[in-house]
Every structure is written in structure tokens, then in C-alpha cells.
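In C-alpha cells form, the structure reads like this:
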């Protein structure tokens, strides 16, 4: 993990963020390993149910993925053991409060965007997402934002729907226009 | 010189207006993607892949590989003008590129970067042209055990040679293998790990995972870091280009060394990132004046850029010849091949000659055209960076969603993409590498099939992987690579025992 640090170090413009850490790096790492371990156990169990033994034609369907899950569980346990040995030593922040707020600023609208595509159609939702994000988060001029969002959504529509025949979820507006 | 005739045939395939136009579009999109922070080679190719689903394979691969060349070129622009590497492999370019821009030599630095990229790619393409067909025809004799041994070698070299903590690389690899196995078992037709869900019947789509892991997670990371863009303007005049080109032959040793490093690290999955740093460090070490590096020395731009591009291009060699991608982007291109119904591997050279040679020819042409485009349009692309990220971010989100949905027309895939976005964000931050995951996901089914077929053939005897000289040496090499760090430590310890350290 040397490269990303150097990426950060290469930006003298980014000011130092001193807001308190939401969570430390070590707890997140431990939690990640625990989740992956649980996943490995679940998968191993399911494959064991499918069958990991040999039959007359060769190994059963669960054979290969079962042993892969076992390796995965082993690697997680190893990682957890390292974390356990290192507990109590200094920790770096996983994410600071200001950073976390910015991440949520993009993640929450994206999360809302996905169900919205199902009833408004993809292109209308894109327009709302882009215009809303530019005005709300970017604090850009409303008319620039609306025009940009409109141009982008229409360009996407023309590219995918008309030029390349790639079908996207559509909503009331597209139906009104006859697509 | 059979390769030469076939290459000419490849050029014939290429030289239609439609394909040339697609090349230009691909290159422009690629440079754009390379310039934008938060997007890069693998993300760009993954997001734009759906555009090519309706094209015929040759046109599609030409456009996709041109996006890749474009992204490779584009990374250099941001590194030099803005001190922000658009790609991890451009980090080493900032060391001397940005100081040059500060001294008012931005145009020289850019010309040097583009030209050396071009040279690096050219060396690697020449290597592909003459080596790939040989390797492929050699690999035609491979049976399942040999193929599994080669896959195993690839996985092991990731674990043994990667810079990340070993258990994290292993976790990343096996998650990929496991997710690839979800859905219908290709050998017995049985369902596994679907937990009764219809959406999981088809398994986890490789491209959906890639778009989430690289596209969405990158947006989250970029938002978190909040990039402040302040850069230098630049336009390149013909005079500067000629001046740099005249200077270039003096650095032939550096160029050659970096090309060799790049080719080697591209074929083995060391990757462009390692290659660029190694190219830079070696140029510095062998220089008569190492102190001048980092202060705006043109050689410090030549060295990493040549290596990064040679590596990025050489990564396609094992993909074409053996069906094993040498990098994340190559893995995505491989995923594309499968979507178009082509089976990557040595048979490709026999069954789809025009496709393979069209692709190789497009590497030559794409790099020449790419060089001309970047040299002439730098000011436009530098202006792209002044577009606020608040406008770019939602557009990338929309492109990712379109990409994920278009693959199988399934809303489930869009949700899955979001999930992978979060997973990618967390993994990157706790240091679990994503490249092994991508590779394992794309190779998962084929490595399982190879393993099971060899097991069936041998009646479950693991000694089949040492049953003849070829497969035995590949397997042994794989195991040596897997334990390479350990072996290194033991060797170090042994040396100390023999000759105690003087302190």
C-alpha cells in the first residue's frame, strides 16, 4: 500500500483534514475479515450440502468451491490473528467525519437513484440526479446545472436508445414520447 | 516471417472507415477517461463495454483497446499539468513531470511522456506480434493439467510477488474464485450457492462486479479525498516536439531498459504500477547525476512512462496467447471476448485469425493515431480537468448504472454493482487488493474446469500436476513463487549465518 499514500502526498493543494475520525482503520479491518469469514463459512456449508465427495463421474459440484471456501476461512483467521496480536497499538483513522460526510453526499443520492430508475425511467432519473447533485452538493449555478444535466441525459438517450439499441428502464416520459 | 503476412492481413481488416472512426472515438473517450480523476483504464473500459455489445467482435475489441491506449496516454496529462496522477501507474511520472511544468517546460514534459509511451507500447507490440503466435501454438498441446498449472502459476505469482499483505491477496483471490462458481455448475449442471434466488441462477456477472469495484468505489474515494485542481496550462508546438525528439536518442539506454522492464512485468502479473516505479528508480540509480532527479529532469519522465506503457501493452500478450490476462484491464477485455462468444486462449489464433491479427494491427495503428491526437489536443483535455467534480461524479454514476443494467437487462445487477462499490471502497481502504479479485473472477470457471478435468483424468491423484516435465516445472515454479517471500527470508538468514553482519 505505498502507491495511494504517494497519491495523497502528491497533492499540496488538499488541505489537512483534522476532523475527528468516525472509526479507526483497525476495527474496520477486523469487521471486514469477520464478514468475509462468515461468508466463507456460509459458502462452505452450502457446498458441503451440495456434495463435496466423489461420485463415479468425478468430483461433485461442491468439491472445488468447498475447498476454496476453506482456504478463504483460513486466510481470514490468519488476518484476524494478526489483528489480535497487534491490538492496543496505535491506529490510523479509517475515515474522518468530513470525509465521511462527503462520501455520503454521493452515496445516498446514488442509492436513491437506483429505485428511481424503475419508475421514472433511467433518463429522467439521471437528469434529476445530475442537476440535483450539481446544485445541492456542488453549489454550481442552477441554470448551468440544469442545462448540463439535460444535455447529458439526452446524449445518453440518443447514444443508447437510438444509435446502439441498448434497452434501458423507461418511465412515463418515454412512454409519452412514444418509446 | 509468417507473422508479417498475417499482420498485413490484420491491417486489411482494420482499414475500413467504420473501424477507423471507432478507433478515433475510442481513443478520444479513452484520453477523456484517463484525464478524469476517479476514472481510469479498467473503469473506462468496463463502463463503456456495453456500447460494444451490438457491434461485431473485431470492431468492438478495436474500440475497447483504443479506449485502453487512450487512458494510458491520458494519465500522463494530469500527472504533469496538475500533479495528480490519473492512474496509479502515472505516480512516478509526477516526480519529474510536475517540476518540469513548474519550470515552464510543461510542453516538453508532455511531449516526452507521450513519445516515450509510444515507444514503450511499440516495443511491447513488436514482442506480441512475434512471440504471441509461438506461445499460442506451443500452448495448443496443453491439456487440462497444463492449463490448471498455468492458472495456478498466475494466482501464485500474485500472492508471492504482490506488495500487499499475503493473506489479503489470498482473500481477494479466493473471493473471486468463489463468486465465479455461484450459479449453475458447468460440469454437472447442478445449482450451487444460489440459496433459492432466481437472480443468482446466472451467477455473479464479471462486468457488474468490475463496474462496481472500480467505477463506483473510485467515485466514493475521490469524493472523500476532495481533489483541488490547480494546474498549468499547456499547448504543444511542433518546434517543442521536434526539439524533444532530437534530444531523445541520447536516452536510448533508459528507453530500452524501461521497455524491457515493462514487457517483463506486463507479461508476469507485476503490472504497470510496479513497472513505472522500477523504470524510474533504475534510471535514477544508473544515472551519473542522480541528485537531479525529482527536480524536473526529462529522463525522469521518459523512464516511468516507457515502462508503464510497455507493461500495459505487454499485459495483452498472455491474454491473447493463453487466455490469461496480465492486468485488470486485460481481464476486462477478456470478459468482453467471452460476451462476444469468443473463447480466449491458444485456439483463438487458429479459429479467429482475422480477429487476432486485426487486434494486433490496431495496437500499432492505435498508438500512432493516439500519439498524434494527444500531441494536438492537450489544451482541450487539460480544460476537461477544470470541469467541477460535482458535475463529473453523477455522470459517472449514471454511466456505471447504464453499463451494469445493459449487460443482462437486470435491475438486480445494478444493486449488485452498488454493493460491489461499497465492497471496493472498504477493500481499498483496508488494503485488500482488487486486481487478484478481478483476475480470479474472470478465470474462476475455467480454472475450476481445468482442475476437475485433470482430477477426473487422473482419478483424483494430485500427482497429475507433476506427471510430465512441462506441467511439473510450471507447478513447481508456481509453488516457489507462492512462497517466494519466505524463501527470500530463509536465504537472507542463511547468508547471515555464513557471514555475520558487521555493525
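Protein chains in written order, with this note's numbering: chain C, 1 to 179; chain G, 1001 to 1503. Built from N, CA and C at the ideal position, the CB exists for glycine as well. Since we're looking at a predicted model, the values are computed, not measured.
**Request:** Compare the beta carbon distance of residue 1172 of chain G and residue 1362 of chain G with 8 Å and say whether it is the shorter of the two.
**Result:** no
**Item:** CB-CB length for residue 83 of chain C against residue 30 of chain C, believed under 8 Å
**Value:** 5 Å
**Request:** Report yes or no: do the region 1170-1190 of chain G and the region 72-88 of chain C share at least 3 C-beta pairs separated by less than 8 Å?
**Result:** yes
**Message:** Just to make sure I have the definition right: I need the residues of chain C whose C-beta is within less than 7 Å of the C-beta of residue 1064 of chain G. Which are they?
**Reply:** Those within 7 Å of residue 1064 of chain G in chain C number zero; the least Cβ separation is about 14 Å.
**Asked** Are residue 1467 of chain G and residue 1145 of chain G closer than 8 Å when you measure CB to CB?
**Response** yes
**residue 21 of chain C in three-state terms, based on DSSP** = strand
**Message:** Just verifying my parser: in three-state terms, what is the DSSP assignment at residue 61 of chain C?
**Reply:** coil
**Asked** Is it buried or exposed for residue 1418 of chain G, if we count other Cβ within 10 angstroms and need 16 for buried?
**Response** buried
**Prompt:** In chain C, which residues lie less than 7 Å from residue 1309 of chain G when you measure between Cβ atoms?
**Reply:** Under the 7 Å cutoff, chain C gives no residues; its nearest Cβ is about 17 Å from residue 1309 of chain G.
**Asked** Taking DSSP as the reference, what is the three-state secondary structure of residue 1239 of chain G?
**Response** helix
**Message:** Against residue 1192 of chain G, what residues of chain C qualify as contacts under a CB-to-CB distance less than 8 Å, listed in chain order?
**Reply:** 46, 47, 50, 61, 62, 65
**Buried or exposed by the 16-neighbour rule on C-beta atoms within 10 Å, applied to residue 1154 of chain G** = buried
**Cβ-Cβ separation, residue 1315 of chain G to residue 1259 of chain G (assumed contact under 8 Å), whole Å** = In fact, because the Cβ distance is near 14 Å, the residues do not count as touching under 8 Å.
**Request:** Note down the Cα distance separating residue 1139 of chain G from residue 1446 of chain G, rounded to an integer number of angstroms.
**Result:** 15 Å
**Request:** Count the CB pairs spanning the region 1364-1383 of chain G and the region 1015-1033 of chain G that are closer than 8 Å, and state whether there are at least three.
**Result:** yes
**Prompt:** Is the Cβ of residue 1050 of chain G closer than 8 Å to any Cβ of chain C?
**Reply:** yes
**Request:** For residue 107 of chain C, return the contacting residues in chain G, with the cut-off set at a CB-CB distance below 7 Å.
**Result:** 1220
**Asked** Just to confirm, are residue 1434 of chain G and residue 1213 of chain G a CB contact at a threshold of 8 Å?
**Response** yes
**Item:** Extent of the continuous beta strand (DSSP E) run through residue 95 of chain C
**Value:** 93-96
**Three-state class that DSSP yields for residue 54 of chain C in the structure shown** = strand
**Asked** Between residue 3 of chain C and chain G, is there a C-beta pair that is closer than 8 Å?
**Response** The predicted position of residue 3 of chain C is uncertain, since its pLDDT is 33 and thus under 50; no value can be drawn from it.
**Item:** Beta-carbon proximity list for residue 1519 of chain G, same chain, < 7 Å, skipping 5 on both sides
**Value:** Past the boundaries of the shown model lies residue 1519 of chain G; chain G is included only from 1001 to 1503, so the question cannot be answered.
**Test: residue 1069 of chain G CB closer than 8 Å to a CB of chain C** = no
**Item:** Proximity of residue 1335 of chain G and residue 1442 of chain G at Cβ, strictly below 8 Å
**Value:** yes
**Message:** If you reduce the DSSP assignment to three classes, tell me which class residue 1495 of chain G lands in.
**Reply:** helix
**Status (buried if at least 16 other CB within 10 Å, exposed otherwise) for residue 1503 of chain G** = Residue confidence is low: residue 1503 of chain G scores 45 on pLDDT, short of 50, so the model does not pin down where it sits. No coordinate-derived value is stated.
**Request:** May I have the straight-line CA-CA distance separating residue 1156 of chain G from residue 1484 of chain G, to the nearest angstrom?
**Result:** 9 Å
**Request:** Look at residue 1181 of chain G and residue 1351 of chain G and say whether their C-beta atoms are less than 8 Å apart.
**Result:** no
**Asked** Looking only at C-alpha atoms, which of G/1009, G/1006, G/1059 sits nearest to residue 1017 of chain G?
**Response** G/1059
**Amino acids of chain G, ordered along the chain, whose beta-carbon sits closer than 7 Å to that of residue 29 of chain C** = 1430
**Asked** If you run the structure through DSSP and keep just helix, strand and coil, what is residue 170 of chain C?
**Response** strand
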